[in-house]
Amino acid sequence: MSLKFSNQGGSDREIKGYDYLSPSADAEKYKASSDIKAATLPPKVDLRAFMTDVEDQKSLSSCTANAVAGAYEYLVKKYLSKRAFDVSRLFIYYNARLRAGNEIEDKGSHIQYAVDSLMKIGACKEETWPYDLKSVNKKPDENSYVVAADFKIETKKFVPIKLEAWKQSLAEGYPIVFGTALFSSFDSCTPNKGIVSMPSPDETGRKAHGLHAMLCVGYSDIDKMFIVRNSWGDKWGDKGYCYMPYEYLMSEKFNLGDCWIFGRTTPIPDADDSWINDKKSVVDGGRGYNRDNFQFYKDSDYGNFDIWQFVDVYDYDDEVTEEYDELEYEGEGEYDDILGVDGGDEESDEEEDEDEAEDGEEEEEDDDEGEDEEEDEEEEEEEDGEEEEEEEDDDEREDEEEEEDGEQEEDEEDDESDEEEEGEDEEESDEEESDDEEVKK
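For the sequence shown, the residue numbers in my numbering are 240 to 680.
Take a look at the structure:
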């Protein structure tokens, strides 16, 4: 059953467009990092400073795509600072429906499939595939998919319905895309300065409700409220945001548990920039609200009310269509950061020029180092050559010495032979003398 409101953010609204999908079998549960576990969480976390302008889904059933796009744009703005851009919501919406294997109609989509498409396909900029209501069921052109290939995310995790887990996730810098049940009390958000009243037991008994996907971007312990981004334009609520009681979103009566964060494998940079330690309210520009003017209920107050009696449950399907599978393009690696942007403003161009200059200097340094290495190698080769020549000279000297020694040995042998000959001559002369003596006798 859908829920209709009149003149919300300047337009009539119908709560529809979000469908519950059971978690995939390999879905990873969010666990706080060791740093966050060891830290004392601040009384407030507010990611709105890094959010893009709140957009209006208008008459389309694209709340899921709008919530996912808001989180995605936050990542771009957080990682790339002044090079932020709006992502194509219709691109995400189309691919989420295609991922589900359904006929492409404007009947809503699933959070997980929208996130899956960001991991496999990516997302192009809004200017590449604009939010034209007439194109809601039209397949984006090939250029959109080529451009999207350089804009992919890497991880997704589901966040359990626990206050501490939600606060830790937000403190780490991750906004939470979630689906929840809404009632007619949601109609009072704008006149209540953005505060969403909890549904009364009478409201839930009337069974008039709607399922809606939104984006949680902060919390306030001072107010006991979550800061939530809607997709009904900036004239709705508090400049497009609302404040939902802890009791509301931490109730399994209303929160369907379809709560997801996504990003890159690297942590969100400077996440503690969104930590606020003062005691000011986040409501009404810091002026706050009187909590006694609102009724807060416990789960037990709702009796036998069970939202699952009215929710269609879809099972996550690992199989994808051939058409969807063929839309995965390889990125060109143009962007080293989490995401990039073509063109950009002057400051972006200056940053790129500086990067190029630094790259040029590094290349020159590399060239110089290469030349130095070549010179060192040449010097080493020359030294090796000189050493080889010296070794050859030493070898020649050794050969000459050996030859001289050989000649000396020959001379000594000649001398010995001469001495032997002289001895023989002496013996012969002695024999001759003895013969002469015998003759005389």
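Cβ coordinates follow ideal geometry from the N, Cα and C atoms, glycine included.
Identify the continuous beta strand (DSSP E) that holds residue i and give its terminal residues.
i	result
serine 459	449-459
methionine 464	464-468
methionine 437	Unbroken run through methionine 437: none, as it is neither H nor E.
asparagine 341	Careful: asparagine 341 lies outside any beta strand (DSSP E) and carries neither H nor E.
leucine 495	494-502
tyrosine 482	480-484
What do you get for residue i, buried or exposed, if any count of 16 or more other CB atoms within 10 angstroms of its CB means buried?
i	result
alanine 388	buried
lysine 255	buried
arginine 336	buried
glycine 449	buried
lysine 283	buried
proline 379	buried
glutamate 342	exposed
alanine 266	exposed
aspartate 251	exposed
asparagine 543	exposed
proline 438	buried
aspartate 512	exposed
phenylalanine 535	exposed
asparagine 382	exposed
serine 656	Because the pLDDT at serine 656 is just 49, under 50, the model does not fix this residue reliably, and the point stays unresolved.
tryptophan 405	buried
glutamate 403	exposed
Following the continuous alpha helix (DSSP H) through residue i, name the residue where it begins and the one where it ends.
i	result
threonine 697	Within the shown structure, residues of the chain are numbered from 240 to 680, placing residue 697 beyond reach of any answer.
glutamate 275	Note on identity: in this sequence residue 275 is isoleucine, with glutamate being the wrong assignment. 273-277 is the extent of the alpha helix (DSSP H) around isoleucine 275.
valine 416	Counting along the chain, valine 416 falls outside any alpha helix (DSSP H), though it belongs to the beta strand (DSSP E) covering 415-421.
tyrosine 318	302-319
lysine 406	402-410
asparagine 382	381-387
aspartate 265	Neither: aspartate 265 is in no alpha helix (DSSP H) and is coded neither H nor E.
Which same chain residues end up closer than 6 Å to residue i when comparing Cβ atoms and leaving out the 5 residues on each side of it in sequence?
i	result
lysine 243	Glu253
glycine 527	Ser520
valine 386	Cys363 and Thr367
glycine 340	Thr560
lysine 396	Glu267, Tyr269 and Ile500
lysine 474	Gly248 and Gly249
isoleucine 460	Sequence inspection shows aspartate at residue 460; the isoleucine mentioned does not correspond to that position. Closer than 6 Å at Cβ, skipping near neighbours: Pro282.
To which residues of the same chain is residue i closer than 8 Å at the C-beta, ignoring the five residues directly before and after it?
i	result
tyrosine 480	Arg287, Val293, Gly433, Val456, Ile466, Val467, Arg468 and Asn469
serine 261	Val552, Tyr553, Asp554 and Tyr555
aspartate 426	Phe244 and Gln247
leucine 232	Since the first and last residues shown for the chain are 240 and 680, residue 232 lies out of range.
serine 424	Val435, Ser436, Met437, Pro438, Ser439 and Glu442
isoleucine 275	Gln407, Ala410 and Glu411
glutamate 365	Phe324, Asp325, Val326, Ser327 and Arg328
isoleucine 683	This structure gives no information on residue 683, because the portion of the chain shown stretches from 240 to 680.
Sort out for me which residues DSSP pairs residue i with in a bridge.
i	result
glutamate 253	Lys243
serine 348	Tyr257
aspartate 285	Gly457
threonine 394	Gly502
serine 326	Just to set this straight, residue 326 is valine in the shown sequence, not serine. Valine 326 pairs with Lys364.
tyrosine 553	Leu260
isoleucine 515	Lys283
tryptophan 547	None, per the DSSP bridge assignment.
For residue i versus residue j, is the C-beta spacing smaller than 8 Å?
i	j	result
leucine 409	tyrosine 458	yes
cysteine 698	tyrosine 257	There is simply no residue 698 to check, as the chain begins at 240 and stops at 680 in what is shown.
phenylalanine 493	threonine 419	yes
glycine 309	tyrosine 413	no
aspartate 325	glutamate 312	yes
valine 398	tyrosine 269	yes
glycine 476	glycine 249	no
leucine 357	lysine 391	yes
glutamate 411	serine 320	no
lysine 463	proline 484	yes
isoleucine 231	glutamate 561	Residue 231 lies beyond the range of the chain shown here (240 to 680); nothing can be said about it.
tyrosine 259	aspartate 497	yes
isoleucine 515	proline 369	no
Within a Cβ cutoff of 7 Å, which residues of the same chain sit near residue i, ignoring the five residues on either side of it in sequence?
i	result
asparagine 305	Glu294, Gln296, Arg328 and Ser470
serine 490	Asp538
serine 374	Leu329
Is residue i close to the ligand GTP? I mean its beta-carbon at under 7 Å from any heavy atom of the ligand.
i	result
asparagine 341	Questions concerning the ligand GTP fall outside what the structure shown contains, since it holds no ligand whatsoever.
Are the C-beta of residue i and some C-beta of chain C separated by less than 8 Å?
i	result
asparagine 334	In the displayed structure, chain C is absent; only one protein chain is listed.
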